[in-house]
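For reference, the structure is listed below as structure tokens.
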Amino acid sequence: MKKFKYSEITPESIFKNRRKFIKNLGLSASSLFFGQNLITSANANTKKENMKLTEYRYVTTYNNYYEFGTGKSDPVERSQKFETKPWDIIIDGEVENPITISMEEITQMFPSEERIYKLRCVEGWSMIIPWLGFPLNKLLKKVSPTNKAKFVKFTSILDPEQMIGQRFPILDWPYKEGLRIDEAMHDLTILVTGLYGKKLPNQNGAPLRLMVPWKYGFKSSKAIVNIKLVEKMPISSWMKASPNEYGFYSNVNPGVSHPRWSQATERVIGEGIISPRIPTTMFNGYGDEVASLYDGMDLKKYF
Amino acid sequence: MKSLLKPSIFVLSAAPFLLITYKIFFNKLGPEPVKEITHFTGEWTLIFICLTLSMSPLKRFTSFIFWIKIRRMLGLFVFFYATLHLLTYVVIDYRLDWNQITDDVIKKKYVFVGFAAWLLLIPLAITSSQKMITLLKQNWKRLHRLIYAIAILGSLHFIWLSKTIYFKPLIYFIIITILLILRVNFKNIFNR
Numbered sequence: 001m002k003k004f005k006y007s008e009i010t011p012e013s014i015f016k017n018r019r020k021f022i023k024n025l026g027l028s029a030s031s032l033f034f035g036q037n038l039i040t041s042a043n044a045n046t047k048k049e050n051m052k053l054t055e056y057r058y059v060t061t062y063n064n065y066y067e068f069g070t071g072k073s074d075p076v077e078r079s080q081k082f083e084t085k086p087w088d089i090i091i092d093g094e095v096e097n098p099i100t101i102s103m104e105e106i107t108q109m110f111p112s113e114e115r116i117y118k119l120r121c122v123e124g125w126s127m128i129i130p131w132l133g134f135p136l137n138k139l140l141k142k143v144s145p146t147n148k149a150k151f152v153k154f155t156s157i158l159d160p161e162q163m164i165g166q167r168f169p170i171l172d173w174p175y176k177e178g179l180r181i182d183e184a185m186h187d188l189t190i191l192v193t194g195l196y197g198k199k200l201p202n203q204n205g206a207p208l209r210l211m212v213p214w215k216y217g218f219k220s221s222k223a224i225v226n227i228k229l230v231e232k233m234p235i236s237s238w239m240k241a242s243p244n245e246y247g248f249y250s251n252v253n254p255g256v257s258h259p260r261w262s263q264a265t266e267r268v269i270g271e272g273i274i275s276p277r278i279p280t281t282m283f284n285g286y287g288d289e290v291a292s293l294y295d296g297m298d299l300k301k302y303f
Numbered sequence: 304m305k306s307l308l309k310p311s312i313f314v315l316s317a318a319p320f321l322l323i324t325y326k327i328f329f330n331k332l333g334p335e336p337v338k339e340i341t342h343f344t345g346e347w348t349l350i351f352i353c354l355t356l357s358m359s360p361l362k363r364f365t366s367f368i369f370w371i372k373i374r375r376m377l378g379l380f381v382f383f384y385a386t387l388h389l390l391t392y393v394v395i396d397y398r399l400d401w402n403q404i405t406d407d408v409i410k411k412k413y414v415f416v417g418f419a420a421w422l423l424l425i426p427l428a429i430t431s432s433q434k435m436i437t438l439l440k441q442n443w444k445r446l447h448r449l450i451y452a453i454a455i456l457g458s459l460h461f462i463w464l465s466k467t468i469y470f471k472p473l474i475y476f477i478i479i480t481i482l483l484i485l486r487v488n489f490k491n492i493f494n495r
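Given below as structure tokens:
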């Protein structure tokens, strides 16, 4: 199998040129997408509105990654020496063939494709990021989930030696998250190995993180070491920390406000003080693809 | 020399305002500038609350009358930074979207106490002149005890808006609590 070099997919210079190209044309945000679509490799899941990419420097310096500290710049400052080699991921639980798979094997078995997704943080800000990754369902199919597999539980690494934030009881370490099996199998749900055509930076969750674009950012676990298929709904670290603030589903929903942040609007990172907030859309704009997963559910109750 | 002291404290107190203005105009506020301005002005409001509350204990411990002379100016800076904080939220962040703002004030307890604290500051700012002091006599002192309530509300505002760790908010809470305890006249309580 041909080994993928990240630089072959979409070099950062193309993104830069693209932006320059768009800027030179002086196009507005809506027509901007059009220019992007011409150049980006065809991707059915690319959202079609308002696709101005967030600058690489913001994507990689403004992070919520409490394992490295609660400040937004803590992850970039404190994660550079974080060791991601060797890295094994255990996939077990309600499956026919549980496996332990290394990152090398993962990158060989599942070639990365580019997905431009909007990341909406529960704190009321958003970024548009060109991720590199592959659908989680490809990996899950390898292990053949049994019919008892109703949920997927993601566990991130526990390593207080390297992760200073884990020395404090900020959250129930290691970080735990979960998805319902149909959410996990959805084609939009990807495991991420890179962004902006490069290897995933440590501060963004290297070597392997999740990205579920229609849910708030904290659902997308970083530095994953275990993917377990389970029968019962897992309790995530955030649910445990504050059950009335963070629900299991945590779908982006402008109609359900968080006790501290209204979710009706969001601020676009990198836009400066002149730009107003933009309205938040249901399922972060991915409603056409995912709304049917929640047919008949009261999403105010199951927030 | 002595006459220069008060103006220099004025300049020092205005320094955070000059700093944030510089950062706004030279684009030094990072990826989320509006949040940065909001947090900056909010924290300086709390710092000036602590400074204002420190003046009468300082006078008691050092017996310099000087502290009382600058107290009013520091108090006005509380109002100044609190107003900047409120304006950032109302004008820059929410663009006078009154529906959303009212919704926040009613539904989010940290916004509610923050707004209440700002409202309580208004009568204090209005009655800060010498004329008002003589006019209101004993009532002036009573009225200005509102700063104690404002300090507590301000500190709750910070605690309630924090997501997980309360380190910084708790520091302010502890400082404010100590400054308030210093005002309790224990002799009177125990001799009663």
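Chain order of the listed sequences is A and B. For the first sequence, the working numbering assigns the number 1 to the initial residue and increments by one for each residue that follows. For the second sequence, the working numbering assigns the number 304 to the initial residue and increments by one for each residue that follows. Glycine residues also receive a C-beta, built at the ideal position from the N, C-alpha and C atoms.
Original post:
Closer than 9 Å, CB to CB, is Thr365 (chain B) near chain A or not?
Top reply: no
Subject >> Pick from A:Ser257, A:Lys228, A:Ser242 that is closest to Glu96 (chain A), judged by C-alpha positions >> reply: Among A:Ser257, A:Lys228, A:Ser242, the Cα nearest to that of Glu96 (chain A) is on A:Lys228.
**OP:** Identify the continuous beta strand (DSSP E) that holds Ile99 (chain A) and give its terminal residues.
**Re:** 99 to 102
Subject >> Arg180 (chain A): first and last residue of the uninterrupted beta strand (DSSP E) it sits in >> reply: Note, Arg180 (chain A): beta strand (DSSP E), 176 to 180.
Subject >> Cβ-based contacts, 7 Å cut-off: residues of the region 411 to 442 of chain B near chain A >> reply: Lys411, Tyr413
**OP:** With 9 Å as the threshold, decide whether the Cβ of Arg180 (chain A) is near any Cβ in chain C.
**Re:** Any reference to chain C falls outside this structure, whose protein chains are A and B.
Original post:
Is it right to say Tyr302 (chain A) is buried, meaning 16 or more other beta carbons lie within 10 angstroms of its own, or is it exposed?
Top reply: exposed
Subject >> Helix, strand or coil at Ile453 (chain B) [DSSP, three-state] >> reply: Helix.
Subject >> CA-to-CA distance, Ala452 (chain B) to Lys372 (chain B), given in whole angstroms >> reply: Ala452 (chain B) has its alpha-carbon roughly 22 Å from the corresponding atom of Lys372 (chain B).
Original post:
Looking only at its own chain, which residues have a Cβ that is under 7 Å from the Cβ of Leu459 (chain B), when we skip the five neighbours before and after it?
Top reply: Val416
Original post:
Exposed or buried, which one is Lys148 (chain A) when buried takes at least 16 other CB atoms within 10 Å?
Top reply: exposed
**OP:** Please say whether Pro130 (chain A) and Tyr196 (chain A) have beta carbons closer to each other than 9 Å?
**Re:** yes
**OP:** For Leu398 (chain B), return the contacting residues in chain A, with the cut-off set at a CB-CB distance below 9 Å.
**Re:** The identity of residue 398 (chain B) in the sequence shown is Arg, whereas the question assumes Leu. Here the neighbours are Pro276, Arg277.
Original post:
Roughly how far, in whole angstroms, is the beta-carbon of Thr189 (chain A) from the beta-carbon of Leu200 (chain A), given that I think they are within contact range, below 8 Å?
Top reply: Wrong, their Cβ atoms sit about 17 Å apart, outside the cutoff.
Original post:
Is Thr60 (chain A) closer than 9 Å to Gly165 (chain A) when the C-beta atoms are compared?
Top reply: no
Subject >> Alpha-carbon spacing of Phe329 (chain B) relative to His388 (chain B), whole angstroms >> reply: Computed Cα separation, rounded: 20 Å.
Original post:
Using Cβ-Cβ distances below 8 Å, what residues of the region 321 to 346 of chain B are close to chain A?
Top reply: Ile327, Asn330, Leu332, Gly333, Pro334, Glu335, Pro336, Val337, Lys338, Ile340
Original post:
Checking contacts by CB at 9 Å: is Arg260 (chain A) closer than that to chain B?
Top reply: Among the CB atoms of chain B, one or more fall inside 9 Å of the CB of Arg260 (chain A).
Original post:
Where does Lys440 (chain B) land, buried or exposed, given buried means 16+ other C-beta within 10 angstroms?
Top reply: Label assigned to Lys440 (chain B): exposed.
Original post:
Between Lys23 (chain A) and Gln203 (chain A), what straight-line distance do the alpha-carbon atoms span, to the nearest angstrom?
Top reply: For Lys23 (chain A), the predicted structure reports a pLDDT of 40, less than 50, and the residue's modelled location is therefore unreliable. A value from the coordinates is still provided. Each residue's Cα considered, the two are about 29 Å apart.
Original post:
Using a C-beta cutoff of 9 Å, does Leu473 (chain B) count as contacting chain A?
Top reply: no
**OP:** Out of A:Ile116, A:His186, A:Val122, A:Glu161, point me to the one whose CA is closest to Ser257 (chain A)'s CA.
**Re:** A:Val122
Original post:
Got a sec, what are the start and stop residues for the beta strand (DSSP E) Lys410 (chain B) sits in?
Top reply: Segment 401 to 410 is the alpha helix (DSSP H) holding Lys410 (chain B); no beta strand (DSSP E) there.
Original post:
What are the boundary residues of the beta strand (DSSP E) that includes Thr155 (chain A)?
Top reply: Here the beta strand (DSSP E) through Thr155 (chain A) covers 151 to 156.
Original post:
Mind checking Trp401 (chain B): buried by the 16 CB within 10 Å criterion, or exposed?
Top reply: exposed
Original post:
Rounded C-beta distance between Phe154 (chain A) and Lys176 (chain A)? I'm assuming under 8 Å.
Top reply: 7 Å
Subject >> Min CB distance Ile170 (chain A) to chain B below 9 Å >> reply: yes
Original post:
Which bits of chain B does Gly270 (chain A) rub up against, with CB to CB less than 9 Å?
Top reply: Ordered by position in chain B, the residues that pass the 9 Å Cβ test against Gly270 (chain A) are Pro334, Glu335.
Original post:
Could one say the Cβ of Ser257 (chain A) lies closer than 9 Å to chain B's Cβ atoms, at least one of them?
Top reply: yes
Original post:
Which same chain residues, not among the five before or five after Ser28 (chain A), have their C-beta less than 7 Å away from its C-beta?
Top reply: Only weak support exists for where Ser28 (chain A) lies, its pLDDT of 35 falling under 50; the coordinates are left without a value.
Original post:
Under a CB-based cut-off of 9 Å, is Trp463 (chain B) close to chain A?
Top reply: yes
Original post:
What do you get for Lys85 (chain A), buried or exposed, if any count of 16 or more other CB atoms within 10 angstroms of its CB means buried?
Top reply: exposed
Original post:
Would you report the Cα separation of Gly287 (chain A) and Trp214 (chain A), rounded to the nearest angstrom?
Top reply: 8 Å
Original post:
Across which residues does DSSP place Val95 (chain A) in a beta bridge pair?
Top reply: A:Pro145
Original post:
Which class does Glu289 (chain A) belong to by DSSP, given the choice of helix, strand or coil?
Top reply: helix
Subject >> Contacts of Thr386 (chain B) in chain A (Cβ-Cβ under 7 Å) >> reply: None at all; the shortest Cβ gap to chain A is about 18 Å.
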